[in-house]
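Participant: Numbering (our numbering), first residue to last: 1007 to 1410.
Input: one structure, supplied below.
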Ligand SMILES: Cc1ncc(COP(=O)(O)O)c(C=O)c1O
C-alpha cells in the first residue's frame, strides 16, 4: 500500500453493493459494511438488558454505550463524557436545543443559515419563536452556493446567544469557513452548534479546531446505523438542564438521554468508526491517528472522481449545476432542462443509478433558489465505495437524457 485507498478491497466489505446498483445516494444514508451489520446482529443475539442492573446482561449495555461514546469522541476529537447519544441527529438536536433555549431570554438573538439541513434550522427557529428570541439569517450566495463569512460581522451582535451552521451541505456540498464563523460567535460570547453529519465521512473532523461548542453527527451518514449524537465539552453540558425523566441519571451526558437509544444499534457505532479508521489497513497508531490517515486517503481518492463528475455534468448544455463552491464534499445538485428532478431520478434509477431528488431537506436553500415548487433538484454524492467506472457510467447516463 502506498497510502492510497484500495477501492476493490473496500467494496468487498459492503454486502449491499451486490444489488448491482450504482449507489450515489449517500446523502440519504450511506451503505453499511458487513462489520457494522455483524456488530448489530451480535448485540441482538446476546442477552442485553437496560443499564443500571447488577447482572451481566445489564453490564453489557453499559459497555456498548461506553464504546459508542468513545468511538464518536475519537472520530471528532472529543471526550466520551461529552458525547450525547440519541435515536437520530435530529432528535438529539431537539433535546440539546430545548435545554439551551431554557437559558435564552426575550431580546436575545440567534443566527441560523439558509445553507443548512432543516435539522439545524427548525429546532432553533421554533424555540426562538416560543422564547421571544430574534432569528437572524445567514444567506447563501445563489450563484456560487457559498455561505459568505463577511455577513456574520453584522449578523452576530452582543445579543447573539447561538450560531448554528453546517460544516458541509448535504444538498450542494458547500463547506463554509466554519472556523471563521464560530470565531465571530465566540468573540461575543455566543455558542456555536455545528452540523458535521456529512463532513465526517469525507475528512477528519476536529471539533475544537472548528470551534464547535456542539458538534452534531448522524451515524447513518458514516456507514453506521441510524443513530445520532452531539459532542460537546462535558463542562458545557453540565451547565444545561434538559427535559429529563426522574429515573434518568442526572449526570452528564446521560441526563440528555431520557428518550433512550437502541443499544443494539449503538453496538454498530464503534464498528462504523473502525471501518473508517481501517480504510487504510496499513495505518498505525491510535484510532484517531488511523482515522486521520484513512480519511486523508478517502479525500485523495474521492476528490478527482468528484471533480471529473462535476466538470462533466457542468459541461452538458442540458444540465444546470446548483452552485460552484470552492470547498465542498463530493455532493452536488443539478437540474436537467425540460425534466422534473423526480423524472430525472426515475430515468437514472431505470439505468441502475440511485440518485436523490427534491430539496435534500435543505428547504430554506431551495426556497431561496426558487426551486422548491419545481421539485428541487437531483442530488448525487460519492463515497469511498464508488468507483471511476461508476462515475463514468453516471456521466454517460446523465448525458443520454439530452436526447430523450
Ligand atoms: C446535513 C444533515 N444534517 C442532519 C441530518 C438528519 O440526520 P438524522 O436523520 O440522523 O436526524 C441529515 C440527514 O440526512 C443531514 O443530511
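Note that the Cβ used here is the ideal one computed from N, Cα and C, for glycine as well.
If you measure between the beta carbons of residue 1186 and residue 1049, is that distance less than 8 angstroms?
Facilitator: Cβ atoms of residue 1186 and residue 1049: not closer than 8 angstroms.
Participant: Would the region 1078-1087 count as touching the region 1051-1070 if we require 3 or more Cβ pairs under 8 angstroms?
Facilitator: Verdict: no, contact absent.
Participant: In three-state DSSP terms, what is residue 1198?
Facilitator: Residue 1198 falls in the strand class under three-state DSSP.
Participant: Report yes if the C-beta distance between residue 1046 and residue 1231 is below 8 angstroms; otherwise report no.
Facilitator: Yes, the Cβ-Cβ distance between residue 1046 and residue 1231 is below 8 angstroms.
Participant: Terminal residues of the continuous beta strand (DSSP E) containing residue 1364?
Facilitator: Taken as a continuous stretch (DSSP letters only), the beta strand (DSSP E) holding residue 1364 covers 1362-1364.
Participant: Is residue 1411 near ligand 1 - that is, is its Cβ less than 7 angstroms away from at least one heavy atom of it?
Facilitator: Outside the displayed span of the chain (1007 to 1410) sits residue 1411, for which this structure offers no information.
Participant: How would you call residue 1257, buried or exposed, if buried means at least 16 neighbouring beta carbons within 10 angstroms?
Facilitator: With fewer than 16 Cβ atoms within 10 Å of its Cβ, residue 1257 is classed as exposed.
Participant: Which residue from 1158, 1170, 1092, 1156 puts its Cα closest to that of residue 1122?
Facilitator: Per the Cα distances, 1170.
Participant: Cβ of residue 1192 versus every heavy atom of ligand 1: is any distance shorter than 7 angstroms?
Facilitator: No, the beta carbon of residue 1192 sits no closer than 7 angstroms to any heavy atom of ligand 1.
Participant: Examine the Cβ distances between the region 1194-1206 and the region 1358-1368 and report whether three or more of them are shorter than 8 angstroms.
Facilitator: Contact between the region 1194-1206 and the region 1358-1368 is absent, because fewer than three Cβ pairs lie under 8 angstroms.
Participant: DSSP puts residue 1029 in a beta bridge; with which residues?
Facilitator: In DSSP, residue 1029 forms a bridge with 1360.
Participant: Less than 8 angstroms between the beta carbons of residue 1304 and residue 1350, yes or no?
Facilitator: Against a cut-off of 8 angstroms, the Cβ pair of residue 1350 and residue 1304 comes out as no contact.
Participant: Can you name the residues that DSSP bridges to residue 1222?
Facilitator: Note: residue 1222 sits in a beta bridge opposite 1201, 1236.
Participant: Do residue 1153 and residue 1146 have their C-beta atoms closer together than 8 angstroms?
Facilitator: Result yes, Cβ atoms of residue 1153 and residue 1146 sit closer than 8 angstroms.
Participant: Report yes if the C-beta of residue 1284 is less than 7 angstroms from at least one heavy atom of ligand 1; otherwise report no.
Facilitator: Not so, every heavy atom of ligand 1 lies at least 7 angstroms from the Cβ.
Participant: Check whether the Cβ of residue 1095 lies closer than 7 angstroms to any heavy atom of ligand 1, and answer yes or no.
Facilitator: Yes - ligand 1 has a heavy atom lying nearer than 7 angstroms to the Cβ of residue 1095.
Participant: Would you tell me roughly how many angstroms separate the C-alpha atoms of residue 1261 and residue 1358, rounded to the nearest one?
Facilitator: Their Cα atoms are separated by approximately 45 angstroms.
Participant: Within this structure, are the beta carbons of residue 1091 and residue 1233 separated by less than 8 angstroms?
Facilitator: It is a contact, given that the beta carbons lie within the stated cut-off.
Participant: Going by the CB atoms, is the gap between residue 1023 and residue 1015 shorter than 8 angstroms?
Facilitator: Their beta carbons are not under 8 angstroms apart, which means residue 1015 does not touch residue 1023 by this criterion.
Participant: If you drop the 5 nearest sequence neighbours on each side, which residues of the same chain put their C-beta closer than 7 angstroms to that of residue 1372?
Facilitator: Same-chain partners within the cutoff: 1365, 1378, 1382.
Participant: Do you know how far the Cα of residue 1341 is from the Cα of residue 1328?
Facilitator: Near 8 angstroms, if we compare the C-alpha coordinates of residue 1341 and residue 1328.
Participant: Just checking: is the beta-carbon of residue 1259 within a distance shorter than 8 angstroms of some beta-carbon in chain D?
Facilitator: The structure shown contains no chain D, having only a single protein chain.
Participant: Could you please give the first and the last residue of the uninterrupted alpha helix (DSSP H) stretch that includes residue 1372?
Facilitator: Per DSSP, residue 1372 belongs to the alpha helix (DSSP H) from 1369-1375.
Participant: When DSSP labels each residue in this structure, what does residue 1130 get in the three-state scheme?
Facilitator: Helix.
Participant: Given a cut-off of 8 angstroms on the beta-carbon distance, is the pair residue 1120 and residue 1158 in contact?
Facilitator: No, Cβ-Cβ distance for residue 1120 and residue 1158 is not below 8 angstroms.
Participant: What residues are listed by DSSP as bridge partners for residue 1143?
Facilitator: In DSSP, residue 1143 forms a bridge with 1118.
Participant: Apart from the five residues on each side of it in sequence, which residues of its chain come closer than 7 angstroms, Cβ to Cβ, to residue 1104?
Facilitator: Excluding positions up to five away in sequence, the list reads 1133, 1248, 1249.
Participant: Could you tell me which uninterrupted alpha helix (DSSP H) segments, each at least 4 residues in length, are contained entirely in the region 1044-1082, listed from first to last along the chain?
Facilitator: 1062-1082, all fully within the region 1044-1082.
Participant: Is the beta carbon of residue 1110 less than 8 angstroms from the beta carbon of residue 1167?
Facilitator: Result yes, Cβ atoms of residue 1110 and residue 1167 sit closer than 8 angstroms.
Participant: When every heavy atom of ligand 1 is checked, does at least one fall within less than 7 angstroms of the C-beta of residue 1208?
Facilitator: Outside the cutoff, so no.
Participant: Quick check: what's the CA-CA separation for residue 1223 versus residue 1062?
Facilitator: About 30 angstroms.
Participant: Compute the minimum distance between the beta carbon of residue 1392 and the heavy atoms of ligand 1, and state whether it is under 7 angstroms.
Facilitator: Outside the cutoff, so no.
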